[in-house]
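Q: Residue numbers (the numbering used here), protein chains in the order written: chain S, 1 to 161; chain A, 1001 to 1161. My questions all concern the structure below.
There are 2 protein chains.
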Amino acid sequence: MPAATNPTNHDHAHCIADALTRADALCAERGARLTALRRQVLELVWTSHRPRGAYAILEDLSQREGKSAAPLTVYRALEFLVEQGLVHRLESLNAYIGCAAPGAVHSGQFLVCEACGNAVEIDDPRIRAAIDTIAAERGFQVDRPTVEVRGRCTDCQEKTP
Amino acid sequence: MPAATNPTNHDHAHCIADALTRADALCAERGARLTALRRQVLELVWTSHRPRGAYAILEDLSQREGKSAAPLTVYRALEFLVEQGLVHRLESLNAYIGCAAPGAVHSGQFLVCEACGNAVEIDDPRIRAAIDTIAAERGFQVDRPTVEVRGRCTDCQEKTP
DNA sequence: GCCGCCTACGTTATAAAATAACATCATGCC
DNA sequence: GGCATGATGTTATTTTATAACGTAGGCGGC
């Protein structure tokens, strides 16, 4: 797992700022409305490099606003962010994570550490190629491939070998 | 998608009988207890080649028994069946499907048709190899890879081209 | 056989994740 | 300003999953 996902050895504020800047740019370019609410939800998704549940985000949002928000508020914002490719949903965790490279082609591949909870996006063409090959052999038309690999990241292997 | 998953052109009763026979054999071999309840849940999972939700199975079970069963009853049976590799859970659907080749090595790969709902297990070594390669490059230790490809099966492409 | 142990099953309650239906508000366009 | 469209608020409900605790049933040791 890249060092950047270890919260102790990188400037995470920079990750967040970066993500927001890119989101602003992408949405402006597309004419999509990154409203204050959506932007705030995006920021909360980026709280860490661990996938976050909708209700965790909801709690943070409620605290920030000083009043309790409704689940739908968050789900709608997340839906927008996923559509725009700014956020991915991790199916096996029912959780959301900020996209490392919005704007680029995505096939949604992740390495998820079961020890620290960090998830790293790996848009690797070889996995995608393998999937496309098998699908083609079987006449299956690929729409949305999901790859979520559970295991242990380098850092966590070192901690408990 | 193989013809065998098209419910109109294969003897599905045979699929079910086969699955139960293999389950009996595997559990006997391992000393695992495939109780009447677990066997019945396995049968209900095999109702079709479509992944089924726990609550759908629960309903069927209640109907068969003539009294309403509790969710936990089904979840516990499913947990056992998944542990034994007789059933797989499709993370992206919150649903369960019978394993086509229990006893063999599994890496949990599926082609899921969004039109007809059928899911086919494809334990393809090339996908697995690609995942292992990338993981090795990043020092990530793979535990449980999940591959769920959404799209359209051959049959459904023909129906609405 | 009988006892004790471990595992499976039953029951009730509750948590967690997601959506439905409908009302209201904001924003951009003319 | 007025209107259309899309975003947000509000309330209720559905779907999925687990917790906590008690009972029963099979299996091995003796």
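For every residue, glycine included, the Cβ atom is placed at its ideal position computed from N, Cα and C. Computed from a predicted structure; not experimentally measured.
Taking the Cβ atom as the reference point for each residue, do N1118 (chain A) and H1049 (chain A) lie within a distance shorter than 9 Å?
A: Taking 9 Å as the Cβ cut-off, N1118 (chain A) and H1049 (chain A) qualify as a contacting pair.
Q: Would you tell me roughly how many angstroms separate the C-alpha atoms of L111 (chain S) and L90 (chain S), rounded to the nearest one?
A: Their Cα atoms are separated by approximately 11 Å.
Q: Which class does T160 (chain S) belong to by DSSP, given the choice of helix, strand or coil?
A: Of the three classes helix, strand and coil, the one that applies to T160 (chain S) here is coil, per DSSP.
Q: Can you say whether A23 (chain S) is buried or exposed, counting buried as having 16 or more other CB atoms within 10 angstroms of its CB?
A: Buried, since its Cβ has 16 or more Cβ neighbours within 10 Å.
Q: Buried or exposed for Y1096 (chain A), going by 16 or more other Cβ atoms inside 10 Å?
A: Buried, by the Cβ-count rule.
Q: Which bits of chain S does D1143 (chain A) rub up against, with CB to CB less than 9 Å?
A: The contacting residues are E114, V149, R150, G151, R152.
Q: Using the beta-carbon count (16 or more within 10 Å), is L72 (chain S) buried or exposed?
A: Exposed is the call here.
Q: Out of curiosity, what's the CA-to-CA distance linking C1113 (chain A) and D11 (chain S)?
A: Whole-angstrom Cα-Cα distance: 42 Å.
Q: Thinking E148 (chain S) and T1021 (chain A) are a contact (beta carbons under 8 Å), I'd like their distance in whole angstroms, please.
A: In fact, because the Cβ distance is near 33 Å, the residues do not count as touching under 8 Å.
Q: Distance, Cα to Cα, G1139 (chain A) vs G151 (chain S)?
A: Approximately 11 Å between the Cα atoms of the pair.
Q: If you drop the 5 nearest sequence neighbours on each side, which residues of the same chain put their C-beta closer than 8 Å to that of V45 (chain S)?
A: So the list reads R52, I57, L78, L81, V87, Y96, I97, G98, once near-sequence residues are dropped.
Q: Which residues share a DSSP beta bridge with L1111 (chain A)?
A: L1111 (chain A) is bridged to A:V1120, A:V1149.
Q: Let me confirm a value: A1136 (chain A) is counted as buried when at least 16 other C-beta atoms fall within 10 Å, else exposed. Which label applies?
A: Its Cβ having fewer than 16 others within 10 Å, A1136 (chain A) is exposed.
Q: With a Cβ-Cβ cutoff of 9 Å, do C27 (chain S) and L34 (chain S) count as a contact?
A: Result yes, Cβ atoms of C27 (chain S) and L34 (chain S) sit closer than 9 Å.
Q: Kindly identify the DSSP beta-bridge partner or partners of V1142 (chain A).
A: Per DSSP, S:G151.
Q: Note the first and the last residue of the continuous alpha helix (DSSP H) segment covering V74 (chain S).
A: First-last of the alpha helix (DSSP H) with V74 (chain S): 71 to 83.
Q: Does E65 (chain S) have its Cβ less than 9 Å from a Cβ in chain A?
A: Output row for E65 (chain S): interface = no.
Q: Here's the rule I'm using: 16 or more other beta-carbon atoms within 10 Å means buried, otherwise exposed. How should M1 (chain S) be labelled?
A: Reliability of the predicted coordinates at M1 (chain S) is poor, the pLDDT of 46 falling under 50, and no value is obtained from them.
Q: In or out: G108 (chain S) buried (at least 16 other Cβ within 10 Å) or exposed?
A: It is buried - the Cβ of G108 (chain S) has at least 16 other Cβ atoms within 10 Å.
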